[in-house]
Amino acid sequence: MTTFLTFTLLGLVLGAVYAIAASGLVLTYNTSGIFNFAHGAQAMLGTFLYWQLAHGWGWPVWLALIVVVGVVGPLMGAALHAVIMKGLRDTADVTRIVVTVAIMLGMVFLSQWLWHPEEARVVEMFFGANAKVEFLGVVVRVHEIICLLVAAAIAVGLRMLFTRSRVGLVMRGTVDDPDLIRLNGHNPDRVAALSWAMGSTLAVLAGILITPIGGGALEANALTLLVIDAFAAAMFGRLRSIPRTFVGAMVLGLAATYVTAYFPTDWTWAGNLRVSLPMIILFVVLVLLPQDRLRGAAIRTRERYRVPTVRRAVVWGAVLVAAVVLLMPLMEDTSITTFGLGMTFAIIALSLTLLTGYAGELNLAPLAFGAVATIVAFHFGITGTGLAARLTLWGILLAVLVAAVVGGLVALPALRLRGLYLALATMAFGVFLSNMVLRDTVEHTLFGVTFSLFPNGTLIVPPLQIGPLDLRDPGTLLITATALFAAIAVGLVALRGSGYGRRLAAMKDSPAATAMLGQDLVRLKFGVFMLSAAIAGLGGVLMSTASGSVAGENFAITAGLSLVMLTVVGGIGYVSGALFGGLMSGVGFVIIIGTFNDLAMATPEMAGIYKTLGQVVLVATALIGMGVGKNPSGLVHDLFDGYRTLRGARPVLAGGAAAGAVLYLLALTGVIGNWWFAILTVLLVTTLPAFGRALMPRAVLSEEEFARRRTVPPELAGIDEPYTDDLRDRLDRELGLPVREGRGGPRARPAVEEGDVHAIA
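For the sequence shown, our numbering assigns the number 382 to the initial residue and increments by one for each residue that follows.
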């Protein structure tokens, strides 16, 4: 009985902290319609700051709590709303999700910069671990009692806020119809800012309370994911009901502690199950609970994508392969290997172009299907041993097939989910796979067969060899991955233009209308999920062969979220957006860190400056996803629009091509380094449309833009052009002065007539 009471109390305490965190999610979603994936990162950042004040600098605990929970937490939430969140109206679900994911990644990188991960930091319980009381034979720490009391007070307070106060009523109505709220004399932006401030405060408080209970040192990724476990409790209340959210949190906490207490000790996977339990519950809740319509009025989003023709896609695919062949002589072997790894990530990103860009279905764990394919290829697709080991073609085909089947199995229970619910379901699957499968390093015996899913925590995947094609050579691997990317990209463009692709686009635009026209939505979603998972599986196997050996961290949920974010930044509706996202995710961060580390080693006297610059660039790169709210169609869309205007300016295009050729020759002959070549080439590509507008405005600009550019602003009249009668007439019209006919055309009547002057005199 004592054991039961002990673990029940621990479960209630853990559930209380989950309830605090989940209530912050419910609060922000109910007033802005945005599900904050950065909620855990806010808790993590606040906890690190609390440690710095209370333990690093020796401030009194009460003062540190006031500063962090009472000042920093609200300011962080209000600043997020003012700078980012209020600009996300009229955007698709994927855009809103990616913006908060970008904030989460930026906060994680920021914390790792400010507080080095290798230094151990421990947050102590309030009043110390020895401050405890005994109740019914169970020893209870004072810190745990505080958690229960704070959670109860927050539950009562939020319930009264939403049901008994005018502010709560306005908060609930803000997301539904902000214009109506504004007509009633309230400011919806101010109300939403208040809710974000409160939600951030609750997140920070939850992080400070839960860290001492879990024990161990502070770690940015672990603490962020720990608070993300509260997502299950928030969804239990369907992002609306605070009481149901608290009930779900208690169930979550009790289930976690009961697994620890009562599962047999010889079940080696029980520990992994306990860690995975919140995500399992999240998936079950999403599938079983009645699917309430996601709050927020139906809107016409601002995303716009132009799908190229198959012929144009073939041409650009050939250009990509040719460009890679030309670049290879400039790169060292290590750079070629890194570039090849980036191309495999780009193949995985193509699965997002198909699933999200074309069909409108969300997947936040694309690397999970790559992990499934890698495990299958490792166990069933390798021939030979030692240095003679090779991956077989049949092994890759089997891995891709299994990844497609797993994608279908994941999609089956989630077929009726859409938008945010589907995104959370795929995220739950990704976290579950990371915690249960990729951590399973022990041996199991089933039907007389002994096996281990992820032996020793590392899988060594040898390269593919088919006749003369041997991917052990980095250059061959790079060319093969690039050619595969181009072939799959052309296939996706052709699919988008087919009848099946048009049905996917219709399902993305309006599932209800598509169903009314007789289309089978279940079959469409099931098929596109399987095809997307197969593409991700192929990219995952190639990524593993490019790396040589992979661990569970290579398929972590944070890496998958980073890939999704960067693909959306590039333009998830374009195959070139997948190229941008894959290269940035697989190569960009590695190059940034490696470059600044090399500079620090080369010049020790400036090592601190270079390392700081590297961290700043890393954080800034992670936060580029915040700009998606202002440009939801992606960077590729803007770049393509700029080059479309240059069709009539062939001399500018020819000059740009000539400049690029000169840069290539200079790099090939060693006159300039590879880094200067890369930087100058990027500058040339991105600024060429601006040169076209400046040098040949008549050929580049539309008639309206050209006329507007030629028009002199009123304040520069008589300065940038002579002061003529026509200019005077235009000024009179813009100033609203009466016009009369006179010599040389319409003339403005003087404001004061000559006779009026004598009268005034």
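Glycine residues also receive a C-beta, built at the ideal position from the N, C-alpha and C atoms.
Around the CB of Ser546, fewer than 16 other CB atoms lie within 10 Å, so the residue is classed as exposed. In the three-state DSSP reduction, Arg877 falls in the helix class (H, G or I). As the crow flies, the alpha-carbon of Phe936 is around 28 Å from that of Thr993. Partner residues in the beta bridge of Gln846, as assigned by DSSP, are Asp851. Taking each of Val537, Val874, Ile527, Leu575 in turn and checking the Cα distance to Val548, the smallest one comes out for Leu575. The three-state reading of DSSP puts Thr773 in coil, since its state is none of H, G, I, E or B. From the listed residues Ala578, Ala601, Leu964, Asn568, the smallest Cα separation to Glu500 is found for Ala601. Take the alpha-carbon of Met506 and the one of Ala402: they are about 18 Å apart. If you draw a straight line from the Cα of Ala1048 to the Cα of Ser928, it comes to about 28 Å.
Fewer than three beta-carbon pairs drawn from the region 834-842 and the region 632-644 are found closer than 8 Å, and the two stretches are therefore not classed as touching. Collapsing the DSSP output to three states places Val521 in a strand. Rounded to the nearest whole angstrom, the CA to CA distance from Ala740 to Val909 is 8 Å. By the neighbour-count criterion, in which 16 or more other beta carbons inside 10 Å mark a residue as buried, Glu742 falls on the buried side. Taking Arg853 as the centre and dropping the five residues before and after it, the same chain places the C-beta of Pro844 closer than 6 Å to its C-beta, in chain order. Taking all protein chains shown into account, Gly765 has fewer than 16 neighbouring C-beta atoms within 10 Å of its C-beta and is therefore exposed.
Comparing alpha-carbon positions, the option among Ala584, Leu583, Leu586, Leu550 lying closest to Pro569 turns out to be Leu550. With fewer than 16 neighbouring CB atoms inside 10 Å of its own CB, Asp890 falls in the exposed class. Residue state for Thr725 is assigned as helix, using DSSP reduced to three classes. Where Ser930 is concerned, the enclosing beta strand (DSSP E) starts and stops at 930-932. Judged by DSSP secondary structure, Phe759 falls within the alpha helix (DSSP H) whose first and last residues are 747-761. If you compare the alpha carbons of Glu525, Leu426, Val504, Phe627 with that of Leu495, the shortest gap goes to Leu426. At a Cβ-Cβ threshold of 8 Å, Ile953 and Leu733 count as neighbours. Short of 7 Å from the beta carbon of Lys467, and not among the five residues preceding or following it, lie these beta carbons of its own chain, in chain order: Asp570, Ala573.
Met552 has its alpha-carbon roughly 55 Å from the corresponding atom of Gly1041.
When DSSP states are grouped into helix, strand and coil, Thr1050 belongs to the coil group. In terms of Cα proximity to Val450, the closest of Thr605, Trp1056, Gly439, Ala435 is Ala435. Using a 10 angstroms sphere on the CB of Val608, the tally of other CB atoms reaches 16 or more, which defines it as buried. Unbroken alpha helix (DSSP H) stretches of 4 residues or longer found wholly inside the region 604-630: 612-617, given in chain order. Between Leu902 and Met888, the CB-CB gap stays under 8 Å.
In this structure, DSSP gives Thr690 a state outside helix and strand, which the three-state scheme calls coil. In the structure shown, Phe516 falls within a strand segment according to DSSP collapsed to helix, strand and coil.
Of the candidates His462, Ser657, Val407, Val479, Val479 places its Cα closest to the Cα of Leu745. Under DSSP, Thr839 forms a beta bridge with Ala932. Counting along the chain, Asp821 sits inside no alpha helix (DSSP H), nor does DSSP assign it H or E at all. In the three-state scheme derived from DSSP, where H, G and I count as helix and E and B as strand, Thr764 is classed as strand. The beta carbon of Ser943 sits closer than 7 Å to the beta carbons of Leu486, Ser966 from its chain, once the five residues preceding and following it are set aside; these are given in chain order.
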